[in-house]
Amino acid sequence: MKQFFTLLALVALVVACKTEPKATVETKTDDEWISLFDGVSTEGWRAYNGEGLPPGWVAKDGELTFDTELGLEQDYTGGKDIIYGLDEFDNFEFYVEWKLPPGGNSGIFYHLKEGYGGPPDVSPEYQLIDDENYAKIHDLVEYNTSLGYSN
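Note that the numbering used here has the sequence shown beginning at 6, numbered continuously upward.
Pasting the structure below:
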């Protein structure tokens with residue numbers, strides 16, 4: 006037992022004496038951030054593989070949002086996915102404030118390439134989903150079965 010405590014004390018001493026380089030912390034000022042949405046207009050945003058925004062996407066109350074009723078009013082055959090098309094970014098930090106309706110499911114695709122069927126085919130996605138309510142509203146058994154998954 007005495008050997009165990011001696012060994013434990015030795016390990017603690019070695020770990021405590023280990024010196025590691027101090028990490029430098031970069032602080033960002035507001036001037037260094039590039040805002041992709043100004044809270045008023047949809048400038049810079051467009052459809053994936055398209056020229057303008059798909060119907061339903063609007064700047065409203067300081068938010069970039071999808072108005073389902075407005076989107077259904079127009080005869081439109083393209084996808085509803087939108088991209089920021091003014092600039093392309095390689096290495097970046099991304100900050101977003103978002104909200105979903107109950108049961109909502111959305112996502113943010115990044116490092117996206119156009120010219121393909123849709124963003125899920127060619128891009129990683131940061132999933133935004135209402136974990137607590139999604140399964141209550143949507144039939145996941147039917148959905149998983151359609152994908153070839155079963156319980």
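All C-beta atoms in this analysis are idealised placements derived from N, C-alpha and C, irrespective of residue type, glycine included.
| Item | Value |
| --- | --- |
| Taking I39 as part of the beta strand (DSSP E), name the residues at either end of that continuous run. | Per DSSP, I39 belongs to no beta strand (DSSP E) and is neither H nor E. |
| What three-state label does DSSP hand N110 in the structure shown? | strand |
| I need the boundaries of the alpha helix (DSSP H) containing L133, first residue and last residue. | Run containing L133: none in the alpha helix (DSSP H); it sits in the beta strand (DSSP E), E130 to I134. |
| Can you name, in chain order, every residue of its own chain whose Cβ lies under 7 Å from the Cβ of N160, other than the five neighbours on each side? | Summary: the structure shown does not reach residue 160, with the chain confined to residues 6 through 156, and so no result is reported for it. |
| Out of L58, I88 and G112, point me to the one whose CA is closest to L75's CA. | L58 |
| If I follow the unbroken alpha helix (DSSP H) through V127, where does it start and stop? | P124 to V127 |
| Just how far apart, CA to CA, sit F97 and K85? | 25 Å |
| What separation, rounded to the nearest whole angstrom, lies between the Cα atoms of L105 and T70? | 10 Å |
| Is it the case that the Cβ atoms of L50 and Y100 are separated by a distance below 9 Å? | For the sequence presented, residue 50 should be read as Trp rather than Leu. Result no, Cβ atoms of W50 and Y100 do not sit closer than 9 Å. |
| By DSSP's criteria, I88 is part of a beta bridge. Which residues make up the other side? | R51 |
| Look at the alpha carbon of T73 and the alpha carbon of Y81, and state the distance between them as a whole number of angstroms. | 13 Å |
| Is DSSP giving V146 helix, strand or coil here? | helix |
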